[in-house]
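Residue numbers (our numbering): 545 to 897.
C-beta atoms are modelled at their ideal positions from N, C-alpha and C, and glycine is treated no differently.
Accompanying notes for the structure given below.
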């Protein structure tokens, strides 16, 4: 189970890039930085190309998804593209009735709450993933030596949407199901793990140089529940891509208490949100893995001297880890001024690695 000889990691295009060097714990030629949600609503060029096109549709039109992925790389000189897609795309491609409702988020035609509901879920086929492979191939051809990061939603976050049928504040439905009906919960998270794992694998095989598992809602869980009811499914998702040799990153929000357990599902890099200083994250992880993060997105609106001091503080706090890729501690807010992001990138690149 390896990548093809023409893959960017194998043919030399991205193997020595600052991003991959830092992910592998080596000293990069410059400090690498990219932003979660860098491809999207903060860019006027994004709003232009998306006009009149639904969110999920835009993810499944290969040329459009590729163009959106490339926009922030051109504009900001970030050290990676992050594949423009959505965590519910594997559901959509499997044939589950799901849509992104503006101002709400992912909404399912019917929630998945019983053993019969889970048994009726369609399987995601390799053929269905063809638009994803095509979009990645188009993007990688344009990126050259800049790596593309593939991504997928972690099984808990996918399952949370599926049980609730829509976004939720406290994720009470899935947290109840894992205890009230553990067999159905396990079957559901196994289904979600395989869908996400196949989705990520398609991206990596088609040319992405790293893969990130996003667990947006894992912060609603205590450590014991995470370890017993969620971590096995996350490990199962990653089993689909483990042998490929591409660095794997695990990120969740509100997960300061779960960092060690999130590393232990078997990843190379741990993403840290804005709530926990990187030096403390590194201490909790025993200095074992490179870190990614964790500029507070709220400070992107602050006066430049305040933001600059914060970015320099992040660089200092991350310097003790085996490697550090600068990112936000969550996604780019839609109202962010793109010029601020460009200036942040220039600042980070100006500091010696």
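First through last residue of the alpha helix (DSSP H) which encompasses residue i
| i | result |
| --- | --- |
| residue 743 | 726-750 |
| residue 707 | 699-708 |
| residue 815 | Run containing residue 815: none in the alpha helix (DSSP H); it sits in the beta strand (DSSP E), 813-815. |
| residue 589 | 588-594 |
| residue 600 | 599-604 |
| residue 852 | 848-862 |
| residue 870 | Run containing residue 870: none; DSSP gives neither H nor E here. |
| residue 806 | 803-807 |
| residue 828 | 822-828 |
| residue 887 | 882-894 |
| residue 567 | 562-567 |
Proximity to residue i [Cα-Cα], best of the options
| i | options | result |
| --- | --- | --- |
| residue 768 | 804, 749, 783 | 804 |
| residue 694 | 624, 759, 858 | 624 |
| residue 668 | 885, 776, 745 | 745 |
| residue 692 | 712, 609, 723, 797 | 609 |
| residue 554 | 753, 840, 698, 613 | 753 |
| residue 861 | 891, 811, 825 | 825 |
| residue 686 | 611, 664, 747, 725 | 611 |
| residue 815 | 757, 881, 786, 782 | 757 |
| residue 637 | 661, 606, 666, 662 | 666 |
| residue 750 | 866, 679, 857, 594 | 679 |
| residue 831 | 569, 565, 562, 777 | 569 |
| residue 779 | 887, 633, 741 | 741 |
| residue 786 | 723, 802, 810 | 810 |
| residue 658 | 690, 725, 859, 738 | 725 |
| residue 562 | 867, 875, 891 | 867 |
| residue 820 | 852, 812, 807, 858 | 858 |
| residue 886 | 829, 586, 564 | 586 |
| residue 761 | 892, 643, 698 | 698 |
| residue 617 | 662, 683, 654 | 683 |
| residue 712 | 655, 864, 595, 660 | 655 |
| residue 626 | 856, 738, 764, 696 | 696 |
| residue 880 | 864, 843, 662 | 843 |
| residue 854 | 630, 634, 891 | 891 |
| residue 798 | 759, 606, 776 | 759 |
| residue 865 | 882, 851, 822, 877 | 822 |
| residue 722 | 688, 642, 566, 776 | 776 |
| residue 884 | 851, 856, 829, 737 | 851 |
| residue 765 | 812, 800, 748 | 800 |
| residue 613 | 548, 628, 606 | 628 |
Burial state of residue i (16 or more Cβ within 10 Å)
| i | result |
| --- | --- |
| residue 896 | exposed |
| residue 673 | buried |
| residue 755 | buried |
| residue 671 | exposed |
| residue 558 | buried |
| residue 588 | exposed |
| residue 834 | buried |
| residue 591 | exposed |
| residue 714 | exposed |
| residue 571 | exposed |
| residue 817 | buried |
| residue 784 | buried |
| residue 560 | exposed |
| residue 889 | buried |
| residue 796 | buried |
| residue 720 | exposed |
| residue 773 | buried |
| residue 597 | exposed |
| residue 781 | buried |
| residue 875 | buried |
| residue 708 | buried |
| residue 716 | exposed |
Extent of the continuous beta strand (DSSP E) run through residue i
| i | result |
| --- | --- |
| residue 794 | 792-796 |
| residue 652 | 649-652 |
Counting pairs of Cβ atoms below 8 angstroms between the segment 645-663 and the segment 574-582, do you hit three or more?
no
Examine the Cβ distances between the segment 692-709 and the segment 728-746 and report whether three or more of them are shorter than 8 angstroms.
yes
Quick check: the segment 828-847 against the segment 594-603, are there 3 or more CB pairs under 8 angstroms?
no
Mind the definition here: the segment 615-623 touches the segment 581-600 only if three or more C-beta pairs lie below 8 angstroms; say whether that holds.
yes
Enumerate, from N- to C-terminal direction, the unbroken beta strand (DSSP E) stretches of 3 or more residues contained entirely within the segment 628-686.
642-645, 649-652
Pair every Cβ in the segment 823-841 with every Cβ in the segment 870-887, then say whether three or more of these pairs are closer than 8 angstroms.
yes
For the segment 753-780, which segments carrying the beta strand (DSSP E) assignment without a break, of at least 3 residues, lie completely within its bounds, in sequence order?
754-759
Closer than 8 angstroms is the cut-off here; do at least three beta carbon pairs connect the segment 787-803 with the segment 722-731?
no
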